[in-house]
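Per our numbering, the sequence shown starts with residue 29, numbered consecutively.
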Amino acid sequence: MAVCARLCGVGPSRGCRRRQQRRGPAETAAADSEPDTDPEEERIEAGSAALSGAGGDRSAGPSSPPRCSLLELPPELLVEIFASLPGTDLPSLAQVCTKFRRILHTDTIWRRRCREEYGVCENLRKLEITGVSCRDVYAKLLHRYRHILGLWQPDIGPYGGLLNVVVDGLFIIGWMYLPPHDPHVDDPMRFKPLFRIHLMERKSATVECMYGHRGPHNGHVQIVKKDEFSTKCNQTDHHRMSGGRQEEFRTWLREEWGRTLEDIFHEHMQELILMKFIYTSQYDNCLTYRRIYLPPSRPDDLIRPGLFKGTYGSHGLEIVMLSFHGKHARGTKITGDPNIPAGQQTVEIDLRHRIQLPDAESLHDFNELSRVVLEVHEQVRKEQEQEGGPEDAEGLGQQSPQPREEPPAELAQAPGDGGAAAVAEPPAQSGQPFVLPVGVSSRNEDYPRTCRMCFYGTGLIAGHGFTSPERTPGVFVLFDEDRFGFIWLELKSFSLYSRVQAAFRNADAPSPQAFEEMLKNIQSLTS
């Protein structure tokens, strides 16, 4: 505040004292009697007058260079200056003097702040018809709800999810991102709106729930605390369908899986689908979201980190976040299932141990691939025993898995050690042939037939309810910049991952430490 006062010449500055000295008694009295000065302004003027009376003689002199105050600039130039400042600074500027406050009512200033800070590209001049100003849009919509913009993970038990809250025209919309239908991992993401916020009148913004098939209806958004908010539907009858739960289930099944229940012949998959419908239906009226960040990228990363869609057996496609941590890479589940919940680390790749695959003929033999991987696994175990790494040694000691009666469960991973610099070799320019060994199942047979390189890795499989989790060895297969795979030795299963091709705003972590803390938080919720 004091800085603004000194800049404009109405505070304790030489320019202010000199200007008051040039005034005559009549001018001073006339200026003091202006009716539009507010208390804050009078306080500043009073302090200024006191200071000028104490040291006015020192500021005046024939050798003092002429000074120009912001107050002496034409209004159109002040509009340009103010429009280039952050919108959060403008309320303080309005308290400096009446002239500034009057200029800050110019819609041009706020139209530019809406565009530059929040990417509003709509023709904001249309707002004049509704009587809503750009200043209202900025203050009552964009600035008020700025803390919920970005990526979020809904708290839906083990299933999680991915919510992207964006400014869309003159709305703030929460889009739930869904993987493509199983097993088409290369298809684009699907998305549907969960809520929207817009300014219907000058009083306040309106929140509407978009869930269900009966159009927008009354909702509520509450910012619980930093990096957490909740939504509530006030008219849940809009979520119900005339045909009852059976119609709701069939509609959900078509949207979620792109098929009918009669098309799904696997009995275990039918049970998993029905279980998910029953569980997630409990959250159709109230949801809590926790912020997630995209992983930071470094020049020496093996590939660009980010979000990927992956195949997970009977559970369908799930969203995984690939991040790099020195000598390791991790895949963290953003969406999950009853075996391995959202938030858990589904794979960990040891970038220090590259695996040379057998030749194409030998690669068909699963036993040959298993022999190669288990040799590296034993080497890693000995190295970690010598290093005395309790976390990794403990995890690697949980091997010798017993055959499971469950169908392909799920995989997750334990936290890896954070190293200093990534140690991956540069990707090979020419790919090596790749084929899945006989007996290894894959939900998607359309996987690449060449790969750049392979690394030793571990995954965590578990029984239903995340019971008896244990890490097991596997092979991380890098195909290209946008696709990788993982072979689960114990499950004799292959997961294919494809990059989520979407641009997300307001999703970058403020620091590497903030990203690491976020990973710990979302993992602790389901541990």
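No residue lacks a Cβ here, since even glycine has one placed at the ideal position from N, Cα and C. Being a predicted model, the structure only gives us computed values, none of them experimental.
DSSP places His392 outside both helix and strand once states are collapsed to three, so it counts as coil.
Listed in chain order, the beta strand (DSSP E) runs fully inside the stretch 318-392 are 334-339, 345-353, 356-361 and 373-383, counting runs of at least 3 residues. Judged by DSSP secondary structure, Ala542 falls outside any beta strand (DSSP E) and instead within the alpha helix (DSSP H) spanning Pro540 to Ser552. Going by DSSP, Tyr525 is part of the beta strand (DSSP E) stretching over Ser521 to Arg527. In the structure shown, Phe277 adopts helical secondary structure according to DSSP, grouped into three states. Taking C-alpha positions only, Ile320 is separated from Ile200 by approximately 18 Å.
C-alpha of Pro119 to C-alpha of Ala535: approximately 27 Å in a straight line.
A straight line joining the alpha-carbon of Val148 with that of Gln541 spans about 31 Å. Residue burial is scored here from C-beta neighbours: Phe293 has fewer than 16 other C-beta atoms within 10 angstroms and is therefore classed as exposed. Closest in C-alpha terms to Ser398, from the list Leu488, Pro386 and Val408, comes Pro386. Secondary structure at Tyr146: helix, using DSSP grouped into helix, strand and coil. For Ala111, the closest C-alpha among the options Gln181, Phe128 and Leu170 is that of Phe128. When secondary structure is reduced to three states using DSSP, Phe293 falls in the coil class, being assigned neither helix nor strand. The three-state secondary structure of Gly202, taken from DSSP, is strand. Apart from the 5 residues on each side of it in sequence, Thr136 sits with its Cβ closer than 7 Å to the Cβ of Val107 and Ala111 in its chain, given in chain order.
Per the coordinates, the alpha-carbon of His248 lies some 18 Å from the alpha-carbon of Lys220.
With 16 or more neighbouring CB atoms inside 10 Å of its own CB, Glu346 falls in the buried class. By the criterion of a C-beta distance shorter than 6 Å, Ser351 is surrounded in its chain by Pro323, Pro333 and Arg358, once the five residues flanking it on both sides are discounted. Counted as a single uninterrupted DSSP element, the beta strand (DSSP E) harbouring Glu256 occupies residues Glu256 to Cys261. Proximity of the stretch 465-479 to the stretch 209-216 meets the contact definition, three or more beta-carbon pairs being nearer than 8 Å.
In the pairwise beta carbon analysis, the stretch 244-262 is classified as touching the stretch 305-320: at least three pairs are separated by under 8 Å. Per DSSP, reduced to three states, the secondary structure at Ala490 is strand. At least 8 Å separates the beta-carbon of Leu191 from that of Thr339. Under the 8 Å Cβ criterion, the stretch 174-186 does not count as touching the stretch 228-248, having fewer than three qualifying pairs.
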